[in-house]
Amino acid sequence: SSLRMTITRTRIPDNDSALKSFCLSIESLFAKTSPFFEDGVDLRVGIFGGTFNPPHLGHLRLAEEVAPLFGLSRVIFVPSHTPPHKSALHVAAPEHRLEMTCRACEDNALFDVSDMEIAAKGLSYTVKTLEVFAGRKDCEPFFILGTDSLREIGTWKDSERLFSLAHFTVVTRPGTNFRAAWAGLPAQTRAQFHEAGESLVHASSTRVECAAVCGLDISSTRIRALVREGQSVRYLVTEPVRSYMIDKKLYRND
Ligand code: ATP
């Protein structure tokens with residue numbers, strides 16, 4: 405599994421398609437044979453999509469807390485290439501965000517990073533990503549998102565279909581509330597669920613659940629503003645992320 409992770413985290417030059425397809429085939433070989441994907445193992449995997457512009461301690465802490473709550477054997481961070489719903493103006497290049505996400509996750513054996521959306525280029529759609537995981541028999545995907553993202557999900561591509569592809573694990577951002585975010589979804593989407601205890605169960609039997617985590621009131625927007633103003637971002641991002649931002653002079657002139 406560590407070799408597979410190294411491959412996942414190694415960036416391959418865009419123009420080297422032969423090397424890229426070789427690495428992808430090695431990766432899929434390992435994905436099939438790694439202990440995570442043994443036959444018959446009920447593998448619960450967290451899929452954590454985001455812009456990670458930059459990744460911060462709010463992201464890391466929520467993933468750390470969600471994993472044991474839902475018995476996840478790992479959490480895969482999936483930085484988007486081009487987020488359809490964010491202005492491209494202040495978004496650092498995909499390769500910088502991928503590198504920062506790898507650095508943020510490097511000391512946590514539970515965390516992994518996938519470049520699947522960045523390697524695919526163009527607009528990144530969660531539905532496409534979840535289809536990849538939903539297509540595996542040995543994997544039970546849990547898509548992790550904040551209440552702010554849940555509120556907007558009606559505007560995402562194929563939003564109706566999204567909920568049939570994975571369980572949704574919703575974490576509350578400080579100042580927001582799960583029920584209010586849920587009420588913001590289109591009525592026809594909500595009509596496909598029924599309540600069962602704390603969960604909302606979809607017609608396809610996947611669940612939407614709210615995870616009680618210790619919310620850290622940190623956003624990438626705030627971090628970019630601090631960098632722009634020449635102020636400290638220490639203790640909001642990990643040190644390897646902070647030094648990368650300084651080295652590459654990211655967000656200074658945003
Ligand atoms: P920005 O400020 O640029 O919009 P962000 O801090 O929201 O960025 P994203 O990369 O867009 O970070 O977030 C990825 C996912 O993580 C989203 O689903 C978002 O709701 C969730 N998230 C981000 N920060 C937090 C936080 N502090 N608490 C809970 N969820 C969060």
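Residue numbers (the working numbering): 405 to 658. Glycine included, every Cβ here is placed at the ideal spot set by N, Cα and C. Note that the structure is a prediction, hence the values are computed from the model and not measured.
Taking the beta strand (DSSP E) that GLY454 falls in, what are its first and last residues? Under the DSSP assignment, GLY454 falls in the beta strand (DSSP E) whose first and last residues are 447-454.
Residue range of the alpha helix (DSSP H) that includes ILE627: Taken as a continuous stretch (DSSP letters only), the alpha helix (DSSP H) holding ILE627 covers 624-632.
Under the rule that 16 or more other beta-carbon atoms within 10 Å means buried, what is SER624, buried or exposed? SER624 counts as buried, since no fewer than 16 other beta carbons sit within 10 angstroms of its beta carbon.
Is any heavy atom in ligand 1 found nearer than 6 Å to the beta carbon of SER623? Yes, since a heavy atom of ligand 1 falls inside the 6 Å radius drawn around the Cβ of SER623.
Write down the C-beta distance between PRO487 and LEU502 rounded to the nearest angstrom, noting that I regard them as a contact closer than 8 Å. Contact between PRO487 and LEU502 does not hold, since the beta-carbon distance rounds to 14 Å and is not under 8 Å.
When you measure from the CB of THR455 to every non-hydrogen atom of ligand 1, does any distance come out below 6 Å? At least one heavy atom of ligand 1 falls within 6 Å of the beta-carbon of THR455.
Shorter than 6 Å, the distance from the beta carbon of SER518 to the closest heavy atom of ligand 1, or not? Incorrect: SER518 has no Cβ contact closer than 6 Å to ligand 1.
For the alpha helix (DSSP H) holding ASN535, just list the boundary residues, first then last. According to the sequence shown, residue 535 is Glu rather than Asn. Annotation: the continuous alpha helix (DSSP H) that includes GLU535 extends over 530-538.
Could you name the residues that DSSP lists as bridge partners for ALA600? DSSP output for ALA600 lists SER603 as bridge partner(s).
Let me know the secondary structure DSSP gives ARG565 once reduced to three states. ARG565 carries a helical assignment under DSSP once its states are collapsed to helix, strand and coil.
Run of the beta strand (DSSP E) containing CYS506, from where it starts to where it stops: Run containing CYS506: none in the beta strand (DSSP E); it sits in the alpha helix (DSSP H), 498-509.
Apart from the five residues just before and just after ARG589, which ones in its own chain have a Cβ nearer than 6 Å to its Cβ? Here the sequence assigns Leu to residue 589, which means Arg is not the residue at that position. Here the set comprises GLY558.
Where the alpha helix (DSSP H) containing ARG646 begins and where it ends: Counted as a single uninterrupted DSSP element, the alpha helix (DSSP H) harbouring ARG646 occupies residues 643-651.
Following a CB-centred definition, is ASP658 positioned closer than 6 Å to any heavy atom of ligand 1? No, the Cβ of ASP658 stays beyond 6 Å of every heavy atom of ligand 1.
Are VAL574 and VAL617 touching if we call contact CB-CB under 7 Å? Contact: no.
Alpha carbon to alpha carbon, what distance is there between ILE650 and ASN657? A direct Cα-Cα distance of roughly 12 Å separates ASN657 from ILE650.
If you draw a straight line from the alpha carbon of GLU499 to that of GLU556, how long is it in whole angstroms? Their backbone Cα atoms lie some 26 Å apart in a straight line.
Does ligand 1 have a heavy atom nearer than 6 Å to the CB of GLY619? Checking the Cβ of GLY619 against ligand 1 gives yes.
Sorted by chain position, which residues of the same chain lie with C-beta nearer than 6 Å to PHE456's C-beta, five sequence neighbours on each side aside? The residues are PRO483, ARG501 and THR505.
Among ASP562, LEU554, GLY539 and VAL517, whose alpha-carbon lies nearest the alpha-carbon of VAL531? Nearest option by C-alpha distance: ASP562.
What residue range does the alpha helix (DSSP H) around THR551 cover? In the DSSP assignment, THR551 falls within the unbroken alpha helix (DSSP H) covering 551-556.
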